[in-house]
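Chemist: Protein chains in written order, with our numbering: chain A, 1 to 113; chain B, 1001 to 1113.
A virtual CB, placed ideally from N, CA and C, is assigned to each residue, including glycine.
One structure coming up, written as structure tokens, with questions to follow.
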């Protein structure tokens, strides 16, 4: 168990809908990262937050947004969903610092039908 | 731009065979390098990491990796694989001031009894 909690584990929704994925980082970790894993794209970095502020942005679509709350949990919002958004979405956390590894949650599997 | 290349997409071995998975990266500055493993249906787990110092890094479960700066490589090795090593292996780097991890495409390892 990595200590990173993601909910829900599975999500099935229809095209055009909006969903919210939730992540609670490990105790003491200030940074939260979101990754998308799909068969054709591999593991793609979406966005990073540190102590409530956005720190880095990757290949995140404009239809997607995220935030980190004062209690350090994070939410990833996916809207106007398309079939191609079906993927495994991982959250990871780390303590502050360049040398700290990321610890990953179990992921949320999103299926868009 | 930072990038990670894993040249072997699928590797099939018999138990007790030796393993070497290739990883090359592209980044001109100081890097932190990681190997993660993803067992079927599970989240990514850290196998080992290189920050500085001894270029031969030992990780969990008998894995090791060697950082060769002149070759921009960080290959993963294990002298004798077991069936339980069947998983997908990801090489990743953090470069410069960036906190995000950049992942390679992954190598699927299947170990046959």
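Pull up the distance between the alpha-carbon of residue 1003(B) and that of residue 1027(B), whole angstroms please.
Modeler: 7 Å
Chemist: Hey, out of 1001(B), 1007(B), 1069(B) and 1059(B), whose CA is closest to residue 1037(B)'s CA?
Modeler: 1059(B)
Chemist: Assuming residue 1044(B) and residue 101(A) make a contact with CB atoms under 8 Å, what is their CB distance in whole Å?
Modeler: Actually they are not in contact, since the Cβ atoms of residue 1044(B) and residue 101(A) sit about 10 Å apart, beyond 8 Å.
Chemist: Output yes if chain A places a C-beta closer than 8 Å to the C-beta of residue 1061(B); else output no.
Modeler: no
Chemist: When the cut-off is 8 Å and only beta carbons count, does residue 104(A) lie next to chain B?
Modeler: yes
Chemist: In chain order, what residues of the same chain lie with their CB nearer than 6 Å to the CB of residue 1114(B), ignoring the 5 residues before and after it?
Modeler: Nothing in the structure corresponds to residue 1114(B), since chain B is present only between 1001 and 1113.
Chemist: Quick one: what does DSSP say residue 84(A) is sitting in, helix, strand or coil?
Modeler: helix
Chemist: Is there at least one Cβ from chain A nearer than 8 Å to residue 1067(B)'s Cβ?
Modeler: no
Chemist: Check for me: the beta strand (DSSP E) holding residue 1012(B) runs from which residue to which?
Modeler: DSSP places residue 1012(B) in the uninterrupted beta strand (DSSP E) bounded by 1010 to 1014.
Chemist: Would the region 16 to 33 of chain A and the region 1069 to 1078 of chain B be scored as touching if the rule is three or more Cβ pairs under 8 Å?
Modeler: no
Chemist: Rounded to a whole number of angstroms, what is the C-alpha to C-alpha distance between residue 48(A) and residue 15(A)?
Modeler: 26 Å
Chemist: Any C-beta of chain B sitting closer than 8 Å to the C-beta of residue 66(A)?
Modeler: Not one chain B Cβ lies under 8 Å of residue 66(A).
Chemist: Taking the DSSP output, what are the residues bridged to residue 1057(B)?
Modeler: 1065(B)
Chemist: Is residue 1058(B) close to chain A, meaning its C-beta is less than 8 Å from at least one C-beta of that chain?
Modeler: No, because no Cβ of chain A sits closer than 8 Å to the Cβ of residue 1058(B).
Chemist: Is it right to say residue 1006(B) is buried, meaning 16 or more other beta carbons lie within 10 angstroms of its own, or is it exposed?
Modeler: With 16 or more Cβ atoms within 10 Å of its Cβ, residue 1006(B) is classed as buried.
Chemist: Which class does residue 9(A) belong to by DSSP, given the choice of helix, strand or coil?
Modeler: Note: residue 9(A) maps to coil in three-state DSSP.
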